[in-house]
Each structure stands twice: as C-alpha cells, then as structure tokens.
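What follows is a single structure, written as structure tokens, with notes after it.
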Amino acid sequence: MRSVRLLRPVSQEALRAVDVRKVYHGRGSPDVEALRGVSLALRRGERIALLGRNGAGKTTFLRIASTLLIPTSGRIEVFGYDVVSMPEAVRPLIAVVPQEGKPFFHLTPREQVYCYLRARGLPREDAKSRTEAALEKMGLEDVADRLSVTLSGGQKQRVMVATVMATEAPLLFLDEPTIGLDPFARRAVWDVLRDLTRKGCTVLLTTHYLDEAEALSERLYIVEEGRILFEGTADRAKRQIGGTLRVSIENGGNHRERFASFGQSVAEGNSLHIITEPGRVHEIMDVALREHLSATVGPVSLEEAFLTIVGRSIDAE
C-alpha cells in the first residue's frame with residue numbers, strides 16, 4: 440500500500456488563520472458571506488472549542504482548514520503549511536470527524552478503522568493494534584464485527600470518532616463529535632481527547648454542548664455571522680458578562696432597582712438573577728435578608744455567558 444508522506448511541521452503553531460473570508464455566490468439568489476475576516480491561532484497540544492449558533496460559520500471554517508474548501512480571501516496555515524497552496528503537506532497532519540459523517544455501510548467498525556489507518560500509510564501491525572485500542576476506548580468491542588449499516592446512530596458516531604482518534608494525527612478537527620451520544624459515551628470521548636493532547640495532539644472542536652466546551656477546552660472562540668466575538672477561557676467569558684456567580688432572589692422581580700448596583704440582573708418570573716463577582720455576594724445577601732427575601736448562590740454557566748455575548752451582538756445590529 441502506498442505510504443503517505445508526512446512532512447515535518449515547520450511552525451510551533453498548530454494552526455494560524457488570518458483574516459479568512461468566504462463568500463458563497465448563489466445563482467439567482469443573494470451572495471452569502473459565511474466568514475467575515477476570521478483570525479485565530481492554536482498552539483500545539485491545545486484543546487480549543489469553536490462555538491456559535493447554527494449557520495455562524497463554524498463548519499465552513501473547518502472545511503477550509505481541512506483543505507476541502509477554498510477561502511475567498513485570507514490565509515490558513517497548518518503547522519506552517521498553507522492549506523490552499525500546499526494541501527498535500529497539510530492532509531497527512533490532520534484528521535477530521537465531519538458533521539453528520541457516517542462510516543461506510545458495508546464495512547464493520549473494525550474494518551472501517553483499520554482500512555482508514557492503512558490508507559494513511561500505517562504499517563499493518565500498527566494499524567491492527569491502534570484499531571483494537573480505539574474500538575476498546577470507544578466501547579465498540581461488542582459490535583466490532585457487525586456491518587455498520589446495522590448499528591444505531593450513536594454507535595455509528597462512535598465509529599467515526601474512533602476512526603479519527605486512532606490516527607493520532609497532530610491536528611484533529613472534530614465537528615460536533617459527540618452529537619447523538621449518551622452521557623457515558625460523551626465522557627469516553629472526552630477522556631480520549633485529553634489523552635491525545637497529553638501526547639501532543641492539538642484539537643479544534645465545534646459543539647453545541649456548552650458543558651462539553653467548558654469541560655474540554657483550554658480556550659474557546661465564539662463566532663456569530665462569520666465574525667469572532669470572543670476569544671479566551673470559559674471563566675473570562677463569564678467575567679465579561681459581569682461575574683462568575685449568580686445570586687437568585689426569590690420574589691425579587693419587584694426589587695430590581697434595589698439590587699441594580701451589584702451587577703447585571705435578569706428577571707425571570709418573580710425571581711431576580713444577579714450576575715456578580717464573589718466579593719459582592721455577601722452584600723447582596725445582606726440586602727436580601729433585610730428585605731426578607733430568600734436568595735441562593737450558584738456558578739454562572741458558560742451557556743449564560745454565550746447567550747449574553749451573542750445576544751449583545753444581535754442587539755447591536
């Protein structure tokens with residue numbers, strides 16, 4: 440079998456994107472600007488989440504970065520190689536779980552993983568050992584020799600994830616890799632991704648599960664209508680909306696002005712939710728006590744931060 444030539448990375452960055460734009464030209468319909476000057480960077484060994492609503496441009500970016508789509512303008516380099524002018528150098532350095540990808544229906548999971556590894560140039564024995572390890576990690580041993588057409592949707596997704604993870608490629612692109620998986624299978628994927636980055640792999644994933652993004656990513660990017668709105672850690676995203684803690688005050692909806700100085704507040708029914716920093720919680724609790732109101736304290740979720748950051752962008756337009 441023909442081996443795939445793996446060129447040596449020539450950059451300390453796993454990926455760098457500079458002012459990437461993509462315009463889809465419609466026939467008889469308006470042009471769609473899917474990416475509007477996206478710039479981002481991944482260091483080697485990082486796990487990065489790319490978050491956004493449906494249609495925000497996440498999948499378009501991954502398709503360009505994985506050499507499947509040509510940008511209208513801008514530049515993406517993978518380990519120093521340009522994805523447009525040197526795709527043959529980029530492809531051996533990456534592996535992709537595409538959105539809604541499916542294994543070949545006429546192959547078993549064992550055959551799917553093994554054949555993919557052999558196609559990438561792995562020697563026969565290495566491909567066999569990696570195949571068995573990937574099937575075990577993804578809990579596919581019991582269905583390893585069943586035709587993929589007979590598998591459930593979640594099992595098929597695990598086959599796709601196992602196939603890509605078995606490559607141990609230096610850069611993994613995962614487009615919603617845990618969609619359709621049960622909580623146990625999701626956490627199995629998380630464990631494998633953490634193990635791969637400990638070995639030096641870099642991961643860029645998209646997900647609509649904000650708990651997954653917070654659990655896995657060291658940094659995250661939020662994209663809306665083709666633009667980057669935010670870059671940083673999950674905690675930084677929370678602080679950007681006013682704090683990392685939420686104080687919920689029962690029957691506090693009519694007392695919003697009384698608590699206005701403590702941070703951003705949102706009324707929900709009769710309750711008032713205040714986003715604030717830890718140092719101000721005792722002050723809020725004191726006021727609630729004096730007003731004979733019941734209050735509870737909990738962490739701000741990444742989902743709350745995401746909705747606020749994206750919502751502000753929508754309101755500003």
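Residue numbers for the sequence shown follow the numbering used here, so the first one is 440 and each next one is one higher. Even for Gly, the Cβ is constructed at its ideal location relative to N, Cα and C.
Once you ignore the five residues that flank residue i on each side, which residues in its own chain have a CB closer than 6 Å to its CB?
{"i": "Ile-688", "result": "Leu-711, Ala-727, Leu-732 and Ala-734"}
{"i": "Glu-722", "result": "none"}
{"i": "Glu-716", "result": "Gly-682"}
{"i": "Lys-461", "result": "Ala-473, Leu-474, Thr-499, Pro-510 and Thr-511"}
{"i": "Lys-541", "result": "Lys-595"}
Check this for me: beta carbons of residue i and residue j, under 7 Å apart or not?
{"i": "Val-642", "j": "Leu-611", "result": "yes"}
{"i": "Phe-544", "j": "Val-582", "result": "no"}
{"i": "His-464", "j": "Asp-458", "result": "no"}
{"i": "Thr-570", "j": "Asp-614", "result": "no"}
{"i": "Ile-661", "j": "Ile-714", "result": "no"}
{"i": "Ala-504", "j": "Ile-515", "result": "yes"}
With DSSP collapsed to three states, give me the class of residue i.
{"i": "Thr-602", "result": "helix"}
{"i": "Asp-614", "result": "strand"}
{"i": "Thr-636", "result": "helix"}
{"i": "Val-739", "result": "coil"}
{"i": "Val-522", "result": "coil"}
{"i": "Ser-710", "result": "strand"}
{"i": "Met-440", "result": "Low local confidence applies: a pLDDT of 44 at Met-440 is under 50, so the model's placement there is unreliable, with the coordinate-based value given in what follows. Looking at Met-440 - three-state DSSP - the assignment turns out to be coil, as it is neither helix nor strand."}
{"i": "Leu-490", "result": "strand"}
From the DSSP output, read off the bridge partner residues of residue i.
{"i": "Gly-671", "result": "Leu-659"}
{"i": "Tyr-463", "result": "Val-471"}
{"i": "His-731", "result": "Paired residue(s): none; His-731 is not in a bridge."}
{"i": "Leu-481", "result": "Leu-454"}
{"i": "Arg-666", "result": "Glu-663"}
{"i": "Ala-504", "result": "In DSSP, Ala-504 forms no bridge with anything."}
{"i": "Ser-512", "result": "Arg-460"}
Near residue i, what residues of its chain come up, given a Cβ to Cβ distance below 7 Å and the 5 sequence neighbours on each side ignored?
{"i": "Gly-750", "result": "none"}
{"i": "Glu-742", "result": "Leu-649"}
{"i": "Leu-574", "result": "Pro-548, Arg-549, Val-552, Glu-580, Ala-583 and Ala-601"}
Going along the chain, which residues of its own chain have a beta-carbon closer than 8 Å to the beta-carbon of residue i, five neighbours each way excluded?
{"i": "Lys-401", "result": "One cannot answer for residue 401 here, as it falls past the ends of the chain, which runs 440 to 756."}
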